[in-house]
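Each residue of the sequence shown is one higher than the one before, starting from 496 at the first, in this note's numbering. Right, one structure below, let's go through it.
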Amino acid sequence: MRLVLVGPPGAGKGTQAQFIAEHCGIPKISTGDIFRANVTEGTPLGVQAKAFMDRGDLVPDDVTIEMVRNRLAEPDALEGFLLDGFPRTVPQAQVLDDILLSTAQTRLDVVLELVVDDDEVIRRLSGRRTCRSCNHIWHVDFDPPKVEGVCDIDAGELYQREDDKSETVANRLEVYALSTAPLVAFYAEQGLLVGLDATGPVDDVTQRAIDALRPFEHEQAVRQAAAVAAAPGAQPTSPG
Ligand code: AP5
Ligand code: MG
Numbered sequence: 496m497r498l499v500l501v502g503p504p505g506a507g508k509g510t511q512a513q514f515i516a517e518h519c520g521i522p523k524i525s526t527g528d529i530f531r532a533n534v535t536e537g538t539p540l541g542v543q544a545k546a547f548m549d550r551g552d553l554v555p556d557d558v559t560i561e562m563v564r565n566r567l568a569e570p571d572a573l574e575g576f577l578l579d580g581f582p583r584t585v586p587q588a589q590v591l592d593d594i595l596l597s598t599a600q601t602r603l604d605v606v607l608e609l610v611v612d613d614d615e616v617i618r619r620l621s622g623r624r625t626c627r628s629c630n631h632i633w634h635v636d637f638d639p640p641k642v643e644g645v646c647d648i649d650a651g652e653l654y655q656r657e658d659d660k661s662e663t664v665a666n667r668l669e670v671y672a673l674s675t676a677p678l679v680a681f682y683a684e685q686g687l688l689v690g691l692d693a694t695g696p697v698d699d700v701t702q703r704a705i706d707a708l709r710p711f712e713h714e715q716a717v718r719q720a721a722a723v724a725a726a727p728g729a730q731p732t733s734p735g
């Protein structure tokens with residue numbers, strides 16, 4: 496399964512990406528997480544990205560695209576992936592199409608759009624906490640850990656993201672409307688877009704996402720079976 500999650504900041508992309516990727520048995524590739532890891536490690540990429548991220552602006556396409564191209568070439572992503580936070584502009588989406596065609600003669604299976612309104616986004620981002628070691632996402636009210644400030648999963652320290660300050664959130668929402676929302680129309684035209692109501696409890700949204708993906712998983716299983724049957728040396732199935 497080759498899947499993209501799209502939606503405004505705080506829609507729950509990272510939260511759902513964890514569960515959906517596990518359900519589908521594919522790696523979760525989050526450009527935001529990769530940038531933040533590089534910022535923490537102080538790599539040249541992190542130094543370059545930090546100023547853009549702190550303002551809530553997009554990191555320039557050339558930097559982002561190169562990073563994703565390299566990540567998609569890693570062995571675990573060759574048979575499928577879930578992209579969280581990429582593409583975020585129509586040019587990024589066009590390059591992604593080119594990468595998939597040129598490296599694997601394939602295309603995306605589906606783009607899931609997580610739909611929530613701006614007020615909910617602000618409520619979600621103002622209480623978000625993220626684990627420093629495993630990146631698991633919590634919320635102080637909607638999805639709190641058992642012990643305040645400590646991740647239930649690996650006891651890592653929880654922190655608040657720099658770009659969750661209210662002025663930065665406002666800019667991120669503007670950037671989304673200007674640069675990323677056009678992607679929704681771009682994917683709708685390609686027949687790849689599935690809109691998902693991302694309100695309500697986390698588990699309910701996950702279940703809705705899994706239900707929405709079922710037809711695509713079925714299509715993929717049919718394609719894989721056909722490829723196996725067509726492979727040289729495959730045993731012909733006897734009729735009837
Ligand atoms: P990125 O990290 O991708 O940030 P984002 O798109 O702004 O999205 P968020 O991570 O803020 O929100 P989310 O949708 O993942 O929500 P979450 O699951 O955490 O990017 C950061 C920066 O990196 C960008 O601003 C840019 O500078 C740069 N960047 C990244 N990709 C780029 C690209 N392709 N091109 C250029 N630049 C790029 O949930 C939010 C909160 O809500 C959590 O606390 C969670 O617990 C809670 N929550 C989730 N679901 C629910 C629910 N159903 N009910 C109640 N609470 C919920
Ligand atoms: Mg995220």
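The beta carbon of each residue, even a glycine, is placed where N, CA and C say it ideally should be.
Cβ neighbours of LEU668 within its own chain (closer than 8 Å, five residues either side excluded): PRO503, PRO504, ASP613 and VAL616.
By the Cβ neighbour-count rule, CYS629 is exposed, with fewer than 16 other Cβ atoms within 10 Å of its own. Its chain contains MET496, GLY575, PHE576 and LEU577 as the residues whose beta carbon lies nearer than 7 Å to that of ILE521, once the 5 sequence neighbours on both sides are disregarded; these appear in chain order. The straight-line gap separating the alpha-carbon atoms of TYR671 and VAL610 is approximately 13 Å. With 16 or more other Cβ atoms inside 10 Å of its own Cβ, GLN513 counts as buried. Listed in chain order, the alpha helix (DSSP H) runs fully inside the region 637 to 685 are 661 to 670 and 676 to 684, counting runs of at least 4 residues. Per the coordinates, the alpha-carbon of ASN666 lies some 7 Å from the alpha-carbon of ASP552. Secondary-structure assignment with DSSP links ARG624 through a beta bridge to TRP633.
Between ligand 2 and the CB of ASP579, the shortest heavy atom gap is smaller than 7 Å. For LYS508, the Cβ falls inside the 7 Å cut-off from some heavy atom of ligand 2. If you draw a 10 Å sphere on the C-beta of VAL664, you find 16 or more other C-beta atoms in it, and that means buried.
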